[in-house]
Structure formats: C-alpha cells, structure tokens
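Encoded as structure tokens, the structure appears first; notes follow it.
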Amino acid sequence: MLDENVAVSVCRKLTELGCEAQYIRDLIPQGSVDPLVAFVAEDRGTILVSHDGDFRKIAPRIPDGQKTRFGKLSRIQLRCAEYQAAQRIEKAFSFIEAEFAIAQINTDTRMIVQIGKSFIRSER
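Read in the numbering used here, the sequence shown has 72 at position 86, and its numbers run on one by one without any break.
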C-alpha cells in the first residue's frame, strides 16, 4: 500500500519486482489523516510504504503507554530523496523479502524497514 507521497516510479518498481502495489488514494480520499491511512493498510494486511515519518509515532515498534493501536501494521519508511526511492527499493528488495519472512514466523508479525540514502535498517 503506497502512501500518497510515494513516487509513481516506486509503484512501477515494486510491480516490476513482482509485488502488488496500490495507492491508498485509490481506497480513501486524498489527504486523509495518517491514522486512517494506517488503519486501512493494517486492515487489508498490506505493507505501508511512505516517505512520512509520522507513522513511526502512530505505530511504533515499542508502544508508549496505550499506543498499541496499529500493532499489526508493517511499514517501509523511505528516508531518501524521492528521485532515489525506486532505485533504493530495488537495492533493498532481497533484504525486505528476508525481513518479511522473519517477521512472519515471529510472534510480532510486523516488518518495519527504513531505507535511507546510504542505509537499510530493520526494527526488530
């Protein structure tokens, strides 16, 4: 599930890599608040791909107090420039697949990956 701030080139690259990629704006109104975006992505069992760092606060790996709301939301946060995102996704794809496989056998089935200009990071 691609947030509205993700470049079309990322959608094309994910499709080339064999993924089903869909923009959230095809399901809910553009400009919808982040909690609604997170709810729809989690409800559909998809991985949310976004440039928006706010999802880290909305659905953290380690919840703060009562913030356990999106406990099944998997995310890929793009922390690189928009023009680099498709290339970085391609370079990180085998890592993403491995992290997803690991997440699926764990009690906490979420996969949280950050992709920056010079790093690929997983939160476990």
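Virtual Cβ for every residue (Gly too), placed ideally from N, Cα, C.
8 Å contact criterion, which residue i and residue j should meet: CB distance rounded
i	j	result
I10	D(-11)	6 Å
I33	I62	6 Å
T1	A7	5 Å
Local conformation of residue i per DSSP, three classes
i	result
L(-12)	strand
R74	helix
L64	strand
S104	coil
L59	coil
Nearest candidate by alpha-carbon position, reference residue i, set the options
i	options	result
A27	V(-8), A87, F56	F56
R110	K103, Q90, A71, S104	Q90
Q73	N(-9), T93, V(-4)	V(-4)
F81	M(-13), M97, D40, Q16	M97
Residue i to residue j span [Cα, whole Å]
i	j	result
R107	Q100	5 Å
G31	P21	15 Å
Q70	K(-1)	12 Å
D38	T93	26 Å
S36	F79	15 Å
G102	G4	22 Å
Taking the runs of the beta strand (DSSP E) that are 3 residues or longer, which of them lie wholly in the segment -8 to 18?
none
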